[in-house]
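Novice: Got a structure for you, questions after.
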Amino acid sequence: MIMLSHMKNNYFEVRRFSFLSFLGIVLFLGLCFSPAQAETLTGQVVKIADGDTLTVLDASKQQHRIRLTGIDAPERKQAFGTVSRQHLAGLVFGRTVMVEWHKRDRYQRILGKVLMDGQDANLEQIRAGLAWHYKQYGKDQQPVDRVVYAEAEDAARLEGVGLWRDPAPIPPWNFRRK
Numbered sequence: 024m025i026m027l028s029h030m031k032n033n034y035f036e037v038r039r040f041s042f043l044s045f046l047g048i049v050l051f052l053g054l055c056f057s058p059a060q061a062e063t064l065t066g067q068v069v070k071i072a073d074g075d076t077l078t079v080l081d082a083s084k085q086q087h088r089i090r091l092t093g094i095d096a097p098e099r100k101q102a103f104g105t106v107s108r109q110h111l112a113g114l115v116f117g118r119t120v121m122v123e124w125h126k127r128d129r130y131q132r133i134l135g136k137v138l139m140d141g142q143d144a145n146l147e148q149i150r151a152g153l154a155w156h157y158k159q160y161g162k163d164q165q166p167v168d169r170v171v172y173a174e175a176e177d178a179a180r181l182e183g184v185g186l187w188r189d190p191a192p193i194p195p196w197n198f199r200r201k
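For the sequence shown, the residue numbers in this note's numbering are 24 to 201.
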């Protein structure tokens with residue numbers, strides 16, 4: 024009876040060790056093959072295309088088109104399109120910025136968060152009521168940014184700033200369908 028009990032305990036120890044080893048390997052491989060951490064790009068903003076797209080010139084004089092992730096600003100020909108572009112220009116044009124990014128869109132623009140002196144330009148566009156939080160692409164944002172951007176849009180709406188002065192603003196994704 025004692026022998027049987029010892030064999031049973033040994034069997035469970037081997038199974039437990041095997042399971043933990045398997046789990047360790049899975050976790051290790053998951054870390055090795057998980058998406059890379061955000062890359063960074065530093066340079067001077069040399070062009071503002073609209074309220075959510077700009078161009079950065081890096082130290083090697085290469086230009087990079089940046090699409091501000093997590094936001095969608097009014098189109099140029101849309102109400103508040105020009106104001107949104109001007110606001111973004113006032114924030115970053117001619118300044119050195121750092122762009123945190125991890126992928127490109129179908130137009131090969133870098134999708135990134137633009138930071139100047141630690142201030143998030145994407146978020147500032149939303150706070151000013153000059154861009155929507157682009158929830159459709161929330162998966163491209165850090166979870167904390169998703170929450171902060173959504174709260175900023177809600178606050179801008181409640182305060183009636185920027186495009187939220189309009190009783191029925193048309194989101195850019197609907198405007199582009201026309």
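We put the beta carbon where it would ideally sit given N, CA and C, even for glycine.
Tell me the DSSP secondary structure of GLY113 in three-state form.
Specialist: Start at 1 with the first residue of the sequence shown, and residue 113 comes out as number 90. Reduced to three states, the DSSP call for GLY113 is helix.
Novice: Answer yes or no: do LEU91 and ALA175 have a C-beta to C-beta separation smaller than 8 angstroms?
Specialist: As a first step, residue 91 is located in the sequence shown; it is residue number 68 there, counting from the start. As a first step, residue 175 is located in the sequence shown; it is residue number 152 there, counting from the start. In this structure, ALA175 does not lie closer than 8 angstroms to LEU91 by Cβ.
Novice: Among the candidates ILE149, LEU138 and LYS162, whose CA atom is the shortest distance from the CA of VAL68?
Specialist: The sequence position of residue 68 within the sequence shown is 45, counting from 1. It is LEU138 whose Cα lies nearest to the Cα of VAL68.
Novice: Check THR105 in the structure and name its three-state DSSP category.
Specialist: As a first step, residue 105 is located in the sequence shown; it is residue number 82 there, counting from the start. Here THR105 sits in helix by DSSP.
Novice: What residue from LYS158, VAL79, HIS110 and GLY66 has the CA that sits closest to ASP177's CA?
Specialist: Residue 177 sits at position 154 when you count from the first residue of the sequence shown. From the listed residues LYS158, VAL79, HIS110 and GLY66, the smallest Cα separation to ASP177 is found for LYS158.
Novice: Taking Cβ positions, are PRO194 and GLU98 nearer each other than 8 angstroms?
Specialist: The residue given as residue 194 occupies position 171 in the sequence shown. The residue given as residue 98 occupies position 75 in the sequence shown. Result no, Cβ atoms of PRO194 and GLU98 do not sit closer than 8 angstroms.
Novice: Could you tell me the alpha carbon to alpha carbon distance between LYS100 and ALA154, rounded to whole angstroms?
Specialist: As a working mapping, residue 100 is identified with position 77 in the sequence shown. As a working mapping, residue 154 is identified with position 131 in the sequence shown. So the two alpha carbons sit approximately 14 angstroms from each other.
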